[in-house]
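To keep things clear, I will list the structure first and then write my remarks on it.
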Amino acid sequence: MNIFGDINLKPLSTAALDYDNPFDLFQKLYFNYPDTFLLESMESDTGLSRYSFLGFDPIMNLKVNDNVLEIEKDGTTEEIYTKNPFDEIKSILNNTNGKKGFCGGLVGYVSYQAAKYFTPLDLNRGKYPEFEFGLFLDGIIFDKLSQRCRYLTRGESRLEEIKSIMKEDYSSLPAMSFSDKGKFFSKNQYEKMVLEVKNRIKDGEIFQGVLSNAQKYKITGNKLDFYNALRKINPSPYMYHFKLGEKEIIGSSPEMLVRVENRQVETYPIAGTRPRGKNKLDDEKLAKNLLDDEKERAEHMMLVDLARNDVGKVSEFGSVKIPEYMAIKKFSHVQHILSHVKGNLSPTKNAVDAFTSIFPAGTVSGAPKIRAMEIIEEMEKIPRDAYAGAIGYFSLNGNANFAITIRSLICDGHQGKIQSGAGIVHDSVPEKEFFECENKAKALLDSLKISGALS
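Here the UniProt record's numbering is used: position 306 in the sequence shown is 306, and no number is missing along the way.
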């Protein structure tokens, strides 16, 4: 079944817009439409961080739970049973036109639980759909390199509608507040979980497993102030504020899951963490300590091997390369070890195949991936939902770009959580792993304190 059969795709058309602030424009879209997104890059690297994308009011919404794909279009909803919902979305992406980046398409998130569609795992159902996408036929692109803003569409033009919204003023917004509702696991509980995973490693079941913890919140008011604070406190390659009805995912992920552009597939595994130093000398000392740490190096090497294997599944034979290996990548509150794995996408594969070959990332699951995920399910018990999944787009031109959904505030109505994890290996120290989770969440907690009353 082609679920997109009646979608009329027109030739891509663009128009210049006189606007230079993606967040300001997103703020206006946010209050005009129930479904909006901002995918933004806040680093100076114009290779990875050149474009910011805004979208609003999709022509179609898709979400899946337990093999039932719900299709909402023109005010009506249809449900179909599907063995693998990812196969259903491939047909809209076959229209390749050689353009770079995003030119309209499916934008949304994939929950960690969606791994059940391409692994033998039977993961517990969470509160979030296994994936949720909007089909956006138009949108706004900001090009950091050329300093240009453009409206684009593959459907009916809404250029005049956007120009009218651009004139609106939302300078006075209702305040927001957050109240702390406790952690998933206490320090003692988390450390016991670490010890159990270490026992599994000792028994030879896995080499590494990623255990997470979360802080829960009750949230009132709009969440725009939180995102605005986050983009200043923790500028990252992947910044996003994604809203579909009552659900919002707001984050600053440092890590790409997968990018497909011009038939090249790539990923950047990140593993190994230290806090930032108090000054430049202290910062460099911590970076050297990270690179000299045998535990961190071993963990990173395992995950690079896993990424190379995942990319190899969908790449032409012999094309997989590692152009960057074990480099230090610095962010506002932490620094990591990063590598770059890429390959040439096989002629028989597309962006959805590339996504499913890598998802979920080894850096949020472990190695071997399947057994590590089984142990995570047993230890954590609470479904991860959007955390450790992915957020991004499948473009109509065959490209894709997804971040791993980490360093994020994940909200459903007034309920929110900030979740983070640590990679456990044979010589992990339980207390250190607990505080690694805390350090990874610090930028988001600081943003909460700045943006609203935190009680």
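Note that CB positions come from ideal geometry on N, CA and C, so glycine has one too. Computed from a prediction, not measured in an experiment: that's the story for all the values here.
With burial defined as no fewer than 16 other Cβ atoms inside 10 Å of the residue's Cβ, what is the status of residue i: buried or exposed?
i, result
"Thr-363", "buried"
"Phe-317", "exposed"
"Val-429", "exposed"
"Lys-440", "buried"
"Pro-120", "exposed"
"His-241", "buried"
"Thr-348", "exposed"
"Tyr-325", "exposed"
"Tyr-238", "buried"
"Asn-8", "exposed"
"Ser-13", "exposed"
"Gly-75", "exposed"
"Lys-63", "buried"
"Ala-372", "buried"
"Asn-21", "exposed"
"Asp-203", "exposed"
Which one of the options has the shortest CA to CA distance from residue i?
i, options, result
"Asp-292", "His-336, Ser-13 and Val-314", "His-336"
"Pro-323", "Ala-372, Tyr-268, Val-314 and Glu-374", "Tyr-268"
"Ser-164", "Met-239, Lys-280 and Asp-18", "Asp-18"
"Thr-220", "Gln-208, Ile-418, Phe-207 and Pro-174", "Pro-174"
"Ala-114", "Lys-83, Asn-213, Leu-135 and Leu-137", "Lys-83"
"Gly-126", "Leu-409, Gly-389 and Gln-264", "Gly-389"
"Asp-122", "Glu-160, Arg-263, Glu-378 and Leu-54", "Glu-378"
"Ile-358", "Tyr-112, Leu-338 and Ile-3", "Tyr-112"
"Ile-382", "Leu-409, Lys-202, Leu-211 and Ser-177", "Leu-211"
"Gly-423", "Leu-106, Leu-303, Gln-264 and Ser-315", "Leu-303"
"Phe-178", "Pro-275, Asn-350, Phe-226 and Cys-149", "Phe-226"
"Glu-294", "Pro-360, Gly-277, Leu-145 and Gly-272", "Gly-272"
"Asn-222", "Tyr-128, Val-110 and Asp-412", "Asp-412"
"Pro-34", "Val-425, Gly-134, Phe-23 and Met-193", "Gly-134"
"Glu-43", "Tyr-387, Val-107, Lys-432 and Lys-232", "Lys-232"
"Ile-391", "Leu-93, Lys-73, Glu-380 and Tyr-109", "Tyr-109"
Which value, in whole angstroms, describes the spacing of the CA atoms of residue i and residue j?
i, j, result
"Ile-140", "Gly-104", "10 Å"
"Ile-450", "Lys-329", "26 Å"
"Lys-183", "Arg-384", "14 Å"
"Glu-205", "Gly-312", "24 Å"
"Thr-77", "Leu-69", "10 Å"
"Leu-444", "Val-334", "12 Å"
"Tyr-151", "Tyr-393", "17 Å"
"Leu-195", "Tyr-170", "51 Å"
"Ile-375", "Gly-209", "8 Å"
"Gly-245", "Arg-259", "27 Å"
"Gln-419", "Gly-101", "29 Å"
"Glu-436", "Asp-143", "35 Å"
"Ser-395", "Ala-367", "30 Å"
"Asp-427", "Arg-407", "25 Å"
"Lys-280", "Ile-404", "29 Å"
"Ala-287", "Glu-296", "12 Å"
"Gln-147", "Arg-50", "10 Å"
"Leu-448", "Arg-308", "37 Å"
"Ser-236", "Pro-58", "26 Å"
"Leu-81", "Val-265", "The displayed chain sequence assigns Tyr, not Leu, to residue 81. About 30 Å."
"Asn-61", "Glu-161", "21 Å"
"Gln-189", "Lys-216", "16 Å"
"His-300", "Leu-257", "15 Å"
"Ala-284", "Ala-327", "Looking at the sequence shown, residue 284 is not Ala but Glu. Taking the straight line joining both Cα atoms gives about 13 Å."
"residue 525", "Ala-400", "This structure leaves residue 525 out entirely; the chain is present only between 1 and 455."
"His-340", "Ala-361", "14 Å"
"Ile-201", "Phe-185", "21 Å"
"Glu-40", "Cys-149", "13 Å"
"Phe-207", "Gly-421", "16 Å"
Can you name, in chain order, every residue of its own chain whose Cβ lies under 7 Å from the Cβ of residue i, other than the five neighbours on each side?
i, result
"Lys-10", "Arg-154 and Gly-155"
"Lys-442", "His-333"
"Thr-356", "Phe-86 and Phe-118"
"Ser-91", "Asn-2 and Phe-4"
"Asn-289", "Arg-274"
"Arg-263", "Asn-344 and Leu-345"
Can you find the residues in the same chain that come closer than 6 Å, C-beta to C-beta, to residue i, ignoring five residues on each side of it along the sequence?
i, result
"Thr-36", "Leu-29, Tyr-30, Phe-56 and Lys-243"
"Ser-319", "Gly-343 and Asn-344"
"Leu-230", "Ser-252 and Ser-447"
"Gly-277", "Asp-283 and Leu-286"
"Lys-187", "Phe-434"
"Lys-417", "Ala-214, Lys-216 and Ile-410"
Considering only residues of the same chain and omitting the five flanking positions on each side of residue i, which have a CB-CB separation below 8 Å?
i, result
"His-414", "Lys-218, Ile-219 and Thr-220"
"Met-166", "Leu-17, Tyr-19, Leu-25 and Lys-28"
"Lys-116", "Asp-122, Leu-123 and Glu-130"
> Enumerated in chain order, which unbroken segments of the beta strand (DSSP E) with a length of 3 residues or greater are wholly contained in the region 301 to 389?
Replying inline: 321 to 330 and 334 to 344
> What are the uninterrupted segments assigned as beta strand (DSSP E) that are 3 or more residues long and contained completely in the region 31 to 55, given in chain order?
Replying inline: 35 to 40
>> Please give me, in chain order, every unbroken run of the alpha helix (DSSP H) with length at least 4 that falls completely inside the region 53 to 131.
In response: 85 to 88
> Curious, which full-length alpha helix (DSSP H) runs of at least 4 residues does the region 217 to 251 contain?
Replying inline: 224 to 233
>> I'd like the ranges of any beta strand (DSSP E) spanning at least 3 consecutive residues and lying wholly in the region 386 to 435.
In response: 390 to 395, 400 to 404, 408 to 412 and 415 to 424
>> Going residue by residue through the region 149 to 195, where are the continuous beta strand (DSSP E) segments of at least 3 residues, counting only ones entirely within it?
In response: 177 to 183
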